[in-house]
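Heads up: the structure comes next, in structure tokens.
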Amino acid sequence: VCSNHNETWTSDCEVYRMRCFCSEDSDECKTQKYKHVHVDYYGECRDIPKCSEEEMEDFPRRMREWLFNIMKDLAQRAELDDRYLELEQEAERDLAKKWANAVIWKFCDLDSHPFDRTVSRHELFPIRAPLLAMEHCIAPFLDKCDADDDHRISLKEWGLCLGLEENEIEDKCASIRDNE
Numbered sequence: 575v576c577s578n579h580n581e582t583w584t585s586d587c588e589v590y591r592m593r594c595f596c597s598e599d600s601d602e603c604k605t606q607k608y609k610h611v612h613v614d615y616y617g618e619c620r621d622i623p624k625c626s627e628e629e630m631e632d633f634p635r636r637m638r639e640w641l642f643n644i645m646k647d648l649a650q651r652a653e654l655d656d657r658y659l660e661l662e663q664e665a666e667r668d669l670a671k672k673w674a675n676a677v678i679w680k681f682c683d684l685d686s687h688p689f690d691r692t693v694s695r696h697e698l699f700p701i702r703a704p705l706l707a708m709e710h711c712i713a714p715f716l717d718k719c720d721a722d723d724d725h726r727i728s729l730k731e732w733g734l735c736l737g738l739e740e741n742e743i744e745d746k747c748a749s750i751r752d753n754e
């Protein structure tokens, strides 16, 4: 794994072990900079190219398509959480809801700990870390989504960032969770 210090570690366990040593001021802490070390992305560290203006402009479309295809694939394999199955089926029936439902699904899925109708940087980890080595625009894109720079992305910020119109952004997370 690659850490936020651009250092390759053998595993995420080793990264968090070192962070723990440093947080507890243990003698095993190699340097205090590791007090806030975390996994940046999976794979060996490498030079990640800058995201061009054209790539950044096209990224919301590609991300929407990717989210819809993931949601559809999970549904076909019966791996999509039942709470989200209705969103996927509605998107299949009504193509006008295809992108919006995929965007809303992923937001609701990411907003988990705590469920507070915002997505923190910590909650973005499951989407950011696996993609960063292959998709160099993901980090600047996610940073751009936090329009008010409060380190939390609201559903409105998420939807607008992914190219939805404001009238397409509907908070369905609470009703989905109520059906648990």
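Numbered according to this note's numbering, the sequence shown spans residues 575 to 754.
Glycine is no exception: its CB is placed at the ideal position from the N, C-alpha and C atoms.
Assigned exposure category for residue i - 16 Cβ within 10 Å defines buried
i: K604; result: exposed
i: K607; result: exposed
i: D655; result: exposed
i: K680; result: buried
i: D685; result: buried
i: M708; result: exposed
i: E697; result: buried
i: S600; result: exposed
Close Cβ partners of residue i (< 7 Å) along its chain, the five nearest in sequence each way excluded
i: H725; result: S694 and R695
i: A713; result: R702 and L706
i: G737; result: P634, R635 and R638
i: C719; result: I727, E731, W732 and C735
i: K672; result: F642 and A665
i: H579; result: K607 and V611
i: E629; result: C711
i: A649; result: L659 and E662
i: C625; result: H710, C711 and P714
i: E581; result: C619
Span of the alpha helix (DSSP H) around residue i
i: I701; result: R695 to L706
i: S597; result: D586 to S597
i: W583; result: It is not in any alpha helix (DSSP H) - W583 carries neither H nor E in the DSSP assignment.
i: D656; result: D656 to R667
i: R636; result: E627 to Q650
i: N741; result: Element bounds for N741: n/a, residue is neither H nor E.
i: I712; result: I712 to C719
i: K672; result: K672 to L684
Residues bridged to residue i [DSSP beta-bridge criterion]
i: R726; result: S694
i: S577; result: V613
Sequence-distant residues of the same chain with beta carbon closer than 8 Å to residue i, five excluded per side
i: P704; result: Y615 and Y616
i: T746; result: Correcting the residue identity first, residue 746 is Lys in this sequence and not Thr. If we look at K746 and ignore the five residues flanking it on each side, its Cβ neighbours are L661, I678 and C682.
i: S597; result: K609
Own chain residues within Cβ distance below 6 Å of residue i, not counting five before or after
i: D586; result: V575 and V613
i: Y590; result: none
i: A573; result: What is shown of the chain runs 575 to 754, which leaves residue 573 out entirely.
Presumed contact (8 Å Cβ cut-off) between residue i and residue j, rounded CB distance
i: L659; j: N675; result: Not confirmed; about 11 Å, so no contact.
i: L729; j: R691; result: 6 Å
i: E602; j: F595; result: 4 Å
i: I750; j: R657; result: 5 Å
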